[in-house]
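Undergrad: Quick one: the structure is below, and I'll ask about it shortly.
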Ligand code: HEC
Ligand code: HEC
């Protein structure tokens, strides 16, 4: 009896020590770090297997303004490698100067995403292409006209014939090439990854404290989990209610009101302004948002804690997010 009691006390003391060690940030466990290790391989679907030639064709298409109706907007106009594959605007501007209601998200690290767009209304990188090509506030293109236009360009005719023998140029082959290229678009190595690989000196002390907060009291990993810091799911994080009802729009499930996809956080320092509507200008202001208070509404995520982060803790979280910025994986030639 006594022995069991002692063992239990010892175990409890050990747990408390481990917990306080984590809170001070001095000693994050290797297991906590391992959950954020970069994957070794990129998954490609069986129906659209990887080939280097297909990815190269996809890259050429991604940077080519001839994909848009007026031949003036490429995918990279909005998904600009120099801006963390976003456009730096609160909300995107497409054909005819039309303003998209939403902020351009990054297109890095999407091979693992099970639902695309802020509200997840399309399941694959292949199916997403049609939205970008045809939306008036993006490329305003007619798909039939585009495939005829590309077929008349000898370089494209040859590349499609080589990559998709006997299949020609269609929405399906065009989308397959763009999707393959985008799956391979991974953010690069970061100081944080060098820490995960075993070198705590790769990131400053305050960033290590920030990570302990991120995975601990601030509860960020309830949603920003895994190597790309996203659960791929949809949450209402209590932003002021606007006209955009998020995932509810097509799911019609009241729990999805104001719910948007959790963005990954790699290269987040390059991706201002923030949120689905671009309504938050700086990372510091994002962190202040997560400090609450939040509007009381049924759809609000229960994972939001009012952690009451102090100024020094917000600085530590910022230092941690800074350590997720990769050495530039650019420039890619945007003049293709
Ligand atoms: C005018 C700016 C603009 C152009 C041009 C554009 N996009 Fe986007 N992209 C956006 C916006 C805005 C969204 C978010 C829309 C939404 O969620 O409703 C988006 C979303 C995406 C997503 C989903 C990302 C995620 O995390 O779910 C992918 C993938 C994507 N675009 C790829 C492309 C490709 C490929 C092209 C070219 C064929 C392209 N985009 C052209 C602005 C643009
Ligand atoms: C309940 C889930 C949840 C929790 C907890 C959470 N986030 Fe988020 N986070 C989201 C979602 C969802 C968005 C996008 C919301 C939108 O645009 O409407 C977001 C957006 C962000 C953004 C802006 C990303 C971008 O591309 O614009 C940052 C930075 C961020 N969160 C960091 C954090 C940090 C740091 C914490 C902890 C203090 C945290 N988040 C806690 C779900 C969560």
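Residue numbers (the working numbering): 88 to 423. No residue lacks a Cβ here, since even glycine has one placed at the ideal position from N, Cα and C. Small disclaimer: the values here were computed from a predicted structure and weren't measured.
Closest by CA to residue 470, which one among 276, 144, 205?
TA: In the structure as shown, the chain begins at 88 and stops at 423. Residue 470 is therefore absent and cannot be evaluated.
Undergrad: Which residue marks the beginning of the alpha helix (DSSP H) containing residue 236, and which one marks its end?
TA: Within the chain shown, numbered from 1, the residue matching residue 236 stands at position 149. Taken as a continuous stretch (DSSP letters only), the alpha helix (DSSP H) holding residue 236 covers 230-238.
Undergrad: Rounded to whole angstroms, what is the Cα-Cα separation between residue 118 and residue 404?
TA: Locating residue 118 in the chain shown gives position 31, counting from the first residue. Locating residue 404 in the chain shown gives position 317, counting from the first residue. Roughly 20 angstroms separates the two Cα atoms.
Undergrad: How is the alpha helix (DSSP H) around residue 297 delimited, first residue to last?
TA: Position 210 of the chain shown holds residue 297. Start and end: 292-302.
Undergrad: Are there any heavy atoms of ligand 1 lying less than 6 angstroms away from the beta-carbon of residue 160, as far as the coordinates show?
TA: In the chain shown, counting from the first residue as 1, residue 160 sits at position 73. Yes - ligand 1 has a heavy atom lying nearer than 6 angstroms to the Cβ of residue 160.
Undergrad: Using the rule of at least 16 other Cβ atoms within 10 Å of the residue's Cβ for burial, across every protein chain shown, is residue 232 buried or exposed?
TA: Here the question's residue 232 lines up with position 145 in the chain shown. Exposed.
Undergrad: Looking only at its own chain, which residues have a Cβ that is under 6 angstroms from the Cβ of residue 361, when we skip the five neighbours before and after it?
TA: By 1-based counting over the chain shown, the position of residue 361 is 274. Only 367, 373 meet the Cβ criterion.
Undergrad: For residue 104, I'd like the list of residues in its chain whose CB is within less than 8 angstroms of its CB, leaving aside the five on either flank, ordered along the chain.
TA: Position 17 of the chain shown, counted from the start, is the residue given in the question as residue 104. Residue confidence for residue 104 is low, a pLDDT of 37 falling below 50, so the modelled location carries little weight; the figure read from the coordinates is stated next. Once the five neighbours on either side are set aside, residue 104 has no close Cβ partner at all.
Undergrad: Using the Cα positions of residue 235 and residue 217, report the straight-line distance between them to the nearest angstrom.
TA: Here residue 235 refers to the residue found at position 148 of the chain shown. Here residue 217 refers to the residue found at position 130 of the chain shown. Going from the Cα of residue 235 to the Cα of residue 217 covers about 16 angstroms.
Undergrad: What are the boundary residues of the alpha helix (DSSP H) that includes residue 47?
TA: A question about residue 47 goes unanswered here, because the residues of the chain that appear run from 88 up to 423.
Undergrad: Beta carbon of residue 265, beta carbon of residue 148: below 7 angstroms?
TA: On the chain shown, position 178 is the one that residue 265 refers to. On the chain shown, position 61 is the one that residue 148 refers to. Yes, the pair counts as a contact, with Cβ atoms nearer than the cut-off.
Undergrad: Would the region 282-295 and the region 395-414 be scored as touching if the rule is three or more Cβ pairs under 8 angstroms?
TA: Yes: at least three Cβ pairs fall under 8 angstroms.
Undergrad: Rounded to the nearest angstrom, what separates residue 141 and residue 227 at their Cα positions?
TA: Here residue 141 refers to the residue found at position 54 when the chain shown is read from its first residue. Here residue 227 refers to the residue found at position 140 when the chain shown is read from its first residue. Taking the straight line from one Cα to the other gives about 25 angstroms.
Undergrad: Please check if any C-beta of chain B sits within less than 7 angstroms of the C-beta of residue 335.
TA: In summary, chain B is missing from the structure at hand, where a single protein chain is found.
Undergrad: Return the CA-CA distance between residue 320 and residue 241, expressed in angstroms with no decimal places.
TA: Residue numbering aside, residue 320 sits at position 233 when the chain shown is read from its first letter. Residue numbering aside, residue 241 sits at position 154 when the chain shown is read from its first letter. Approximately 42 angstroms between the Cα atoms of the pair.
Undergrad: Examine ligand 1 and report whether any of its heavy atoms sits within less than 6 angstroms of the Cβ of residue 165.
TA: As a working note, residue 165 is residue 78 in the chain shown. Yes, the beta carbon of residue 165 sits closer than 6 angstroms to at least one heavy atom of ligand 1.
Undergrad: Since residue 218 is in the alpha helix (DSSP H), which residue starts that stretch and which ends it?
TA: In the chain shown, counting from the first residue as 1, residue 218 sits at position 131. 212-221 is the span of the alpha helix (DSSP H), which, as asked, contains residue 218.
Undergrad: Output needed for residue 210: all residues of its chain with C-beta closer than 8 angstroms, excluding positions within five of it in sequence on either side, in chain order.
TA: Locating residue 210 in the chain shown gives position 123, counting from the first residue. Here the set comprises 201, 202, 203.
Undergrad: Suppose the cutoff is 8 angstroms on Cβ atoms and the five residues either side in sequence are ignored; what does the same chain contact list for residue 111 look like?
TA: On the chain shown, position 24 is the one that residue 111 refers to. Low local confidence applies: a pLDDT of 44 at residue 111 is under 50, so the model's placement there is unreliable, with the coordinate-based value given in what follows. Same-chain partners within the cutoff: 296, 299.
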